[in-house]
Each structure stands twice: as structure tokens, then as C-alpha cells.
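Enquirer: Please find one structure pasted underneath; my questions will follow.
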Ligand code: PHB
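Numbering (the working numbering), first residue to last: 6 to 395.
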């Protein structure tokens, strides 16, 4: 190669790397880790749609920096994949934040990486209580199962439910839900006839539903991860005639997830759940959110709680960026996150300054027809609820 040619190459690469450097300097990178394929693919899609909503509304620049989202697909509750993706995001992409986490096993696998790399890790769904204790760099803006399930039990005992069977997915959030529900239900004078745990992957509900019918409770309390499993459970409940046998469904709002509720059918009418977000939440903030969500995601369907948590997670990230003038440092970011208040579409929320977990209102809702469509209509609430599982 001639000398001039070499110099041309050097000059060209120099320019390229300078440009890359300038770009890195001007960007705040958010690594989004969630399932985008497989049975839990909707989790990643809802989060992505919530993030797009926020960025359409508030722009992709904050504190003079451009926000860049780097999305990675865990394919489901596969800890090794989540861990590898987090390592890549930290080492290769040099992200400033880790975010997402639809499923507890993803969050638990990534916590040690956040701790080691001092990367703020924003939990946009994963809801097992202990997650926030696994690193000082974790803040949660979604919910915890104890926070949601305790109020369901309290409401049920006060409203004439005396005997229940519990049915939960057999992993962290399910066990948390069962424990918190039982504590408040038995504490309030109720009786738990049987506690059933079903596999996280592809549960076959029919035999469990028969067991529930045979136990003759007043109600069955259910936690299954949002989405297809709720549809499958309600199908079995309908087909085996539990409603006719006088057995009611009470559940965490994961069962009647807004995203799948429209296709669940009239068997869900009257199902009572407790939860932190309903698309039917009546507030100006939620109306604006629904409108912006539809504009930012023309084929996105109805937003659910994961879309809202992702939207709020972005609000938290933008606020950190503003407070730190665009220079993200892990410890300083956590100091900003602790105690942060966000005016969410679900109502006001706060990140607890001590536990870094979300504090919020838990609503009691009933599935009703609004116009022609099924919605979770809020009719009672427990304000200022913290996680009670730790
Ligand atoms: C979780 O794995 O933490 C999880 C997944 C789906 C839900 C709630 C919690 O609906």
C-alpha cells in the first residue's frame, strides 16, 4: 500500500472513531432486558411500547444527551441468557442503565452484574419481594406480589369469603403471593382449605381446577404470570362449571391483565382482583397516557401494567439524567432514585428511600363491561402500600 493510501486509511479510521467517541459522549444508553419471544414475548413488547410512549411524549433528548434504548431478548425465564445479555450490555455497549426484567429469574440473574458494575437497574415488572435486596443498585417501579396479594385477602375476609383454595405459579412471585394472601386471610379469620402450586412453564390447569371444585371453597385465589396462563385458567374454570358450583375467582390483577382481558370472554365478568394499574383508571394522567400510547403504538392494543411501569421507569431515568446533568454515575443515580416521586398514570408512586421498592395505591377492581369491552373497574383502594414481603 502506498504511503498516501495508508494515511488516507488512518485519517478515515481516525474520523470514524472520533465520531463514535462523540456519539458515546452524547448518549445515555439504556439496556432493556426482557422476553421478546416465546410465551412471555408480550412482556418485552408491552415494556417497549411503554418506553416508546414516554419518548414520543417527552422526546429522546434529556440534559443535552440522546437516550438510546438497546433491547435484548431473554426468550423467557432463562437466567443464563439474561446474565449473558447484561454482561454484553455493560462491557461492550457500555450502557448507563439496565432496565426491563419481565420475569423474576431474569432480574435475579442480573442483580450481581448491576452490583459489580455499579449500574442502576430499573425493574419494570419482576415482582418477587427479595429482588431489591440483591443489589444496592436496584430500584423497582412496578409492584411486588406481597404488596398486591395482602390487600386481596383483607378485602375477601371483610366481604364474606370464608374458605379458599389458593393456586399460584410455583416460583418466587407465586410463593410470595400465596404467603401474603394466607397471612392476611387466616389472620382475618378465614380458612385456607388447600394450597396448589402449578409449574411456571406450560401448566395444564384441568386437574388442578377439578381439585378446586372438589374442595368446595367459597373462592379460589389465583396468581399466574400475566398473559396466556390467565386465558387458560379462565377457560378451565368456565368449562368445569366452577361458577355454577358457587366458587368465585379472586386474584391478583395479573390474571385479568388488560392486554388479554378483551379476549377472555364473559366468564371473567365479576372476577375481583387487586392491582396497581387498570387501563380503566379514571384520571387525567391515565387518559393522556392511553392517548399517547395509542399514537406511539398504532397496533399496540391495550396497554397493561408492564407498559405503565416501563413508562414510569423512563420518567425515573429522565429525572436522574436531569439531576446529574447528563453525567450518569451509579451511586449518584441511586441517591436521586431513592425517595423519587412519580406522577404515574396509575396514580402517584414513590421509590422508598430505604428499600428502593415501589410505594403505591393498590386498587380493588371488578371485571365489568364498559361499552362493549371488558375492563377492570376500580371500586375500592388501599393507599400508601409498601412491600410487606421482606
Ligand atoms: C415475575 O416473574 O416476577 C412476574 C411475572 C409476571 C407477572 C408478575 C410477576 O404477571
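Where is the CB? At the ideal position from N, CA and C, for every residue including glycine. Since this is a predicted model, take the numbers as computed values, not measurements.
Check whether the Cβ atoms of residue 31 and residue 70 lie closer than 9 angstroms to each other.
Expert: Yes, Cβ-Cβ distance for residue 31 and residue 70 is below 9 angstroms.
Enquirer: Relative to the alpha-carbon of residue 88, which residue among 63, 114, 72, 387 has its alpha-carbon at the smallest distance?
Expert: The residue with the shortest Cα to Cα distance from residue 88 is 114.
Enquirer: With distance defined between alpha-carbon atoms, name the residue in 307, 319, 345 nearest to residue 67.
Expert: Minimum Cα distance to residue 67 is reached at 319.
Enquirer: Since residue 136 and residue 127 are thought to touch, with beta carbons under 8 angstroms apart, how far apart are those beta carbons, to the nearest angstrom?
Expert: Residue 136 to residue 127, Cβ: 12 angstroms. No contact.
Enquirer: Quick one: what's residue 260 bridged to in DSSP?
Expert: Looking at the DSSP assignment, residue 260 forms no beta bridge with any residue, so it has no partner.
Enquirer: Just reading off the alpha helix (DSSP H) that residue 300 is part of, what are its end residues?
Expert: Start and end: 289-301.
Enquirer: In terms of residue numbering, what span does the alpha helix (DSSP H) encompassing residue 394 cover?
Expert: Run containing residue 394: none; DSSP gives neither H nor E here.
Enquirer: Can a CB atom of chain D be found closer than 9 angstroms to the CB of residue 160?
Expert: Among the protein chains of the structure shown there is no chain D, as only one such chain exists.
Enquirer: Helix, strand or coil, according to DSSP, for residue 244 in the structure here?
Expert: Note: residue 244 maps to helix in three-state DSSP.
Enquirer: Measuring only from the beta carbon, is residue 176 closer than 8 angstroms to any heavy atom that is part of the ligand PHB?
Expert: Within the cutoff, so yes.
Enquirer: Have a look at 207, 168, 103, 206 and flag the residue whose alpha-carbon is nearest the alpha-carbon of residue 200.
Expert: For residue 200, the nearest C-alpha among the options comes from 168.
Enquirer: Closest by CA to residue 389, which one among 205, 184, 363?
Expert: Closest option to residue 389, Cα to Cα, is 363.
Enquirer: Pick from 330, 112, 214, 34: whose alpha carbon is nearest that of residue 40?
Expert: The shortest C-alpha separation from residue 40 is found at 112.
Enquirer: Who are the near neighbours of residue 90 in its chain, counting only those whose CB is closer than 7 angstroms to its CB and skipping five residues on each side?
Expert: So the qualifying residues of the chain are 38, 77, 79.
Enquirer: Which residue comes first and which comes last in the alpha helix (DSSP H) that contains residue 310?
Expert: Segment 310-328, the alpha helix (DSSP H) holding residue 310.
Enquirer: Any heavy atom of the ligand PHB closer than 8 angstroms to the beta-carbon of residue 81?
Expert: Flag unset: Cβ of residue 81 not near the ligand PHB.
Enquirer: On the three-state DSSP scale, how would you describe residue 200?
Expert: Of the three classes helix, strand and coil, the one that applies to residue 200 here is strand, per DSSP.
Enquirer: In chain order, what residues of the same chain have a beta carbon less than 7 angstroms from the beta carbon of residue 6, not counting five sequence neighbours either side?
Expert: Residue confidence is low: residue 6 scores 45 on pLDDT, short of 50, so the model does not pin down where it sits. Its coordinate-derived value is still stated next. Excluding positions up to five away in sequence, the list is empty.
Enquirer: Taking 8 angstroms as the cut-off, does the CB of residue 107 come closer than this to any heavy atom belonging to the ligand PHB?
Expert: Checking the Cβ of residue 107 against the ligand PHB gives yes.
Enquirer: Rounded to a whole number of angstroms, what is the C-alpha to C-alpha distance between residue 65 and residue 322?
Expert: Whole-angstrom Cα-Cα distance: 12 angstroms.
Enquirer: Grouping DSSP H, G and I as helix and E and B as strand, with all else coil, what is residue 222?
Expert: Note: residue 222 maps to coil in three-state DSSP.
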